[in-house]
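The working numbering numbers the first residue of the sequence shown as 1445 and each following residue consecutively.
No residue lacks a Cβ here, since even glycine has one placed at the ideal position from N, Cα and C.
Being a predicted model, the structure only gives us computed values, none of them experimental.
Below is one structure, written out as structure tokens; comments come after it.
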Amino acid sequence: MALTAKPERFDVRTRDRNVAAEAITRLARHRARVSFDDPDAVDLRFHESLYGDIDSSLIRFGGVRYRAEAEPMQSLLSGFIAEGGACLERRGETVSLTRMQGMLFPPGTPITGEYDDAVVVLLRLPVEVAADLAEAATGLPAERLEFTGMTPVSESARRQWVQTTDFVWRQLSTPGAEPPPLVTSQLLRLVAATAISVFPNTSMIGNFGPDSGQVGPGVLRRATAFIEEHPASPLTVREIADAAGVGIRALQSAFRRHLEVTPMAYLRRVRLERVHRELRAGGVTVQESARRWGFANLGRFAAEYRAEYGEAPSRTLRG
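Written as structure tokens, this is what we have:
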């Protein structure tokens, strides 16, 4: 997973339909058709923040009807309609979207979208991130993950998706408040995990439980040593499993059997311990230490820290 500390930012404001189409092609190759009732009302804006493997964008189709016939994508592109409306079509399926409706463009599928005076928030990330998370959570082989729908499965899923996407987009799009790579990697996984829980996909079907084979203690020693040597890195379950020399399901089985936690929960525990160590040493703020070790949500971090150490992180710092 390739992430950068400083994003590449790209901003366009134009009344030229060709300039607009060229800018939006940064997100997805497409053929564009732009129409408008009043040329003086046209104000198309495109704002993008690219952190390597994760891309956050806002597109304002001001005063235009923008039709995009997108070629099949290998990335996972998703987001929501902040204002206005849109219509998406693929393989005979058509969905109409209004304000605060979530959407996902299934990879590998040509999709036509028509946006009418709309504001759209989009996030783009590698589909492999979602596939790895689905495999870790359900046992579904990563290559078998397929998104089968373009809208959330329920009203509660819609609300969860919009809230999550809006939060992540704001974290990545605010100049001067760029998160470090470790936090960015957690935001990327948050989007991927939310996507596989709210949009129809093959991980929601069937039982792909972990294998039941015995796993030796050497696997656990290799895995925990790897985690403790690289807690500041944006580790994935697959990377930990590779370091231990086993598959993901075998790794999860070892952690459950011997430690009664998941590999990622163990990683989080190690990161909490590093924060605890820094706060006791002093010379750092709670926020600085938490962000350095991958905790993007300070409220959640404080709750986890208190549960682990029996006191608030600020108390540890003062003590």
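Three-state class that DSSP yields for residue i in the structure shown
i: Ser1540; result: strand
i: Phe1480; result: coil
i: Arg1459; result: coil
i: Val1563; result: strand
i: Ser1758; result: helix
i: Ala1751; result: helix
i: Asp1499; result: strand
i: Glu1533; result: strand
i: Gly1653; result: Confidence at Gly1653 is low in this model, with a pLDDT of 42, below 50, so the placement of that residue should be treated as unreliable; the coordinate-derived value is given next. In this structure, Gly1653 counts as coil in the three-state DSSP scheme.
i: Ser1677; result: coil
i: Gly1528; result: strand
i: Phe1739; result: coil
For residue i, the residue or residues it bridges with in DSSP
i: Asn1645; result: Phe1591
i: Leu1521; result: Phe1549, Arg1568
i: Thr1638; result: The partner list for Thr1638 (beta bridge, DSSP) is empty, contrary to what the question assumes.
i: Gly1506; result: Asp1487
Distance CB(residue i)-CB(residue j) smaller than 7 Å
i: Gln1518; j: Pro1550; result: no
i: Val1714; j: Glu1673; result: no
i: Thr1469; j: Phe1524; result: no
i: Leu1742; j: Ala1734; result: yes
i: Val1627; j: Ala1526; result: no
i: Leu1520; j: Ser1501; result: no
i: Leu1616; j: Ser1493; result: yes
i: Phe1699; j: Asn1645; result: no
Residues near residue i by beta carbon distance below 8 Å, same chain, minus five either side
i: Gly1726; result: Leu1761
Cβ neighbours of residue i in the same chain (closer than 6 Å, five flanking residues each side left out)
i: Cys1531; result: Ser1540, Glu1558
i: Val1486; result: Arg1459, Phe1480, Gly1507, Val1508
i: Ala1465; result: Ala1476
Same chain, Cβ closer than 7 Å to residue i, neighbours up to 5 away in sequence not counted
i: Ser1598; result: none
i: Arg1682; result: Asp1576, Ile1692
### Query
For the region 1500-1511 against the region 1478-1490, are there 3 or more C-beta pairs whose distance is under 8 Å?
Because the criterion of three Cβ pairs below 8 Å is met, the region 1500-1511 and the region 1478-1490 touch.
### Message
Taking contact to mean 3 or more Cβ pairs, one atom from each stretch, closer than 8 Å, check whether the region 1662-1678 and the region 1689-1696 are in contact.
### Response
Touching, yes.
#### Entry: Touching by the beta-carbon criterion (3+ pairs, under 8 Å), the region 1566-1575 and the region 1629-1636
These segments touch.
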